[in-house]
Structures are given as structure tokens and as C-alpha cells.
Amino acid sequence: MPTLLIFGARNLGRAIAGHMAELGWSVAAVARSEETVGRLRDELPDALGIAGDAASEEDVERAFDEARERFGSIDLVVVAISPTFRGRQVGGGKLAEADGKALSPYTEELLPALFTVLRVGARRLKEQGVGTFVQITGGSARRGMPGRGPWAAAAFATRALVQSAASELREHGVHVALLIVDATIESEKSADRLAGRAPEESASQEDVARAIAYLAGQSPRAWTHELQLTPSGDRWVP
Numbered sequence: 005m006p007t008l009l010i011f012g013a014r015n016l017g018r019a020i021a022g023h024m025a026e027l028g029w030s031v032a033a034v035a036r037s038e039e040t041v042g043r044l045r046d047e048l049p050d051a052l053g054i055a056g057d058a059a060s061e062e063d064v065e066r067a068f069d070e071a072r073e074r075f076g077s078i079d080l081v082v083v084a085i086s087p088t089f090r091g092r093q094v095g096g097g098k099l100a101e102a103d104g105k106a107l108s109p110y111t112e113e114l115l116p117a118l119f120t121v122l123r124v125g126a127r128r129l130k131e132q133g134v135g136t137f138v139q140i141t142g143g144s145a146r147r148g149m150p151g152r153g154p155w156a157a158a159a160f161a162t163r164a165l166v167q168s169a170a171s172e173l174r175e176h177g178v179h180v181a182l183l184i185v186d187a188t189i190e191s192e193k194s195a196d197r198l199a200g201r202a203p204e205e206s207a208s209q210e211d212v213a214r215a216i217a218y219l220a221g222q223s224p225r226a227w228t229h230e231l232q233l234t235p236s237g238d239r240w241v242p
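Heads up: the sequence shown is residues 5 to 242, going by this note's numbering.
#1: I'd like to confirm the pairing. Which residues does DSSP put opposite S30 in its beta bridges?
#2: Less than 8 Å between the CB atoms is what I'm expecting for V178 and V134, so what's the real figure, rounded?
#3: Quick check on this structure: which residue in R66, G56, A217 and P154 has the alpha carbon closest to the alpha carbon of A21?
#4: How many Å lie between D57 and M24 at the Cα?
#5: Have a look at A51, H176 and A181 and flag the residue whose alpha-carbon is nearest the alpha-carbon of Q132.
#6: So what's E65 in DSSP terms, helix, strand or just coil?
#7: Helix, strand or coil: which one does DSSP assign to I85?
#8: Sort A226, R152, A55 and A84 by Cα distance to F119 and report the nearest one.
#9: Return the bridge partner residues of H179 from the DSSP annotation.
#10: May I ask you to list the residues that DSSP assigns as paired with I54?
#11: With a 10 Å radius around its C-beta and 16 neighbouring C-beta atoms as the bar for buried, classify G125 as buried or exposed.
#12: Who are the near neighbours of A181 in its chain, counting only those whose CB is closer than 8 Å to its CB and skipping five residues on each side?
#13: Would you list the residues sitting across from E230 in a DSSP beta bridge?
#14: Consult DSSP for Q237 and reduce its assignment to one of helix, strand or coil.
#15: Based on DSSP bridge pairs, tell me the residues matched to G42.
#16: Suppose the cutoff is 7 Å on Cβ atoms and the five residues either side in sequence are ignored; what does the same chain contact list for S108 look like?
#17: DSSP has A207 in a bridge; who is on the other side?
#18: Is the distance from the Cβ of A59 to the Cβ of Y110 below 7 Å?
#19: Given a cut-off of 7 Å on the beta-carbon distance, is the pair G153 and L114 in contact?
Here it is, written out as C-alpha cells:
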């Protein structure tokens, strides 16, 4: 039975874990709060829930160790974490109006966590000689947008790191991919923003989960290193 290790299990990550479990995968999931871990265990009793911080190298190493001890090899690593804005504007706001801390949710929280999981995951999967690593990000990884400059800066950096990892790990049998969801993802967090809008104007968590399964199922003869999802009712920029 293949094994998924996912970092970030509150919303999208929990949906991905559930979808992969339905496909017959074993699931280990890392989340910062015990509440999130408990919710995951309630929905997936056979899953391994791990309380930990993705920015902590010790916690990330422990997550890999616990997942391997419980399930054996790790076949798929997914990073679905997001920053906590603590009252700050999502995206960072317009540059002319932004304060000096607008970058903080990204440079002090998100990027260090992504970098930690990528570094540890690259080493662990390289040692294993097989596996898939998928980093999820948003449309700001492709272009800067008004009011989202700080987010785009972090997303561009994320894209660069994933591209480097993909190039470095290919020869070691490890598939690294960036999944760009260029849309608002339907969830508890986005319910107010999406109220009254057509379903085709947003991305469903289930469709994102299916994209993860697609990437994980690819043959080494046809790896995708970057996949973009855009709802048909939303703006598409080539």
C-alpha cells in the first residue's frame, strides 16, 4: 500500500488526505494544532496524525521517521501549508500602502517552512531512490498581481526552489512537481468570498486532490514538473 506524507492538514490538506485514502493509500499528516490532528483522526481513523511545525527541522525529520516506522517507505510528499496572517491583509496589499511588515507572513513563516520541508524531503527521497514530492502554490507563482506583491515574491521563490529540486532529483528517481492552483479554492475559509458565485469560478478541493493523484501516478517516462489548474469561469492568463 503506497504512503502519503502531507504537511498542512487543516483544509485542503485534509481533503487531499481523504481522497488518497479512498484510493487505497496510507496517510500520515502533519499539522500545527492538536485540534487539526484530532479532526483528521476522526475522519481517517487509520491515518497517522502528527502534531508539528513545518518550519522546525526537528519536527519535519520526526514526521518522516514516524511515517516510515508506521508505514515503511514514503511514496508521496505533499506540502499544502499556508501562512497565518494574524490580521494582516492577504497578499500583502498595494506596495505604496504596505507597511514594513507586509512581507513577514511569507519571509518569516511560509518560506522558511517550505524550504525546510523541501530540504529534508529532498534528502529523504533521494536516499530512498524513489518517490514524488508535490508543492502546492497559487497563481501568484506565475505573475505579480495588484495588491499581492509580497505573496508573489514568496510564490516566485517557491517556484524557483521547486524547479531546482526537480532538476537535482530527477537522476535519483525522484519526481518533483509544482502544482499551481490559479484560483480561489472552495473551503471554509473562502465561503464568504465565494458566496453567490458560480461553482466554475473557483477550484474545488476535490479537483486539487485529483491533480495530486494524477501527479503521483505518473510514469518516469512522462513526468510533469509543473501543473496549473484554472477554473473555466475564472480569468485565464497564458
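Quick reminder that beta carbons are idealized off the backbone N, C-alpha and C, glycines included.
Quick look at the numbers:
#1: T7
#2: Correct: roughly 7 Å between the Cβ atoms.
#3: Looking only at R66, G56, A217 and P154, the smallest Cα-Cα distance to A21 is reached by A217.
#4: 22 Å
#5: H176
#6: Three-state result, E65: helix.
#7: coil
#8: A check of alpha carbon separations from F119 across A226, R152, A55 and A84 identifies A84 as the nearest.
#9: T136
#10: V34
#11: Classification for G125: buried.
#12: T136, F137, V138, Q139, V166, A170, L219, W227, T228, H229, E230 and L231
#13: L182
#14: Reading the sequence as shown, one finds Gly at residue 237 and not Gln. Three-state result, G237: coil.
#15: DSSP output for G42 lists no bridge partner at all.
#16: Excluding residues within five positions, none has a Cβ falling inside 7 Å.
#17: I189
#18: no
#19: Against a cut-off of 7 Å, the Cβ pair of L114 and G153 comes out as no contact.
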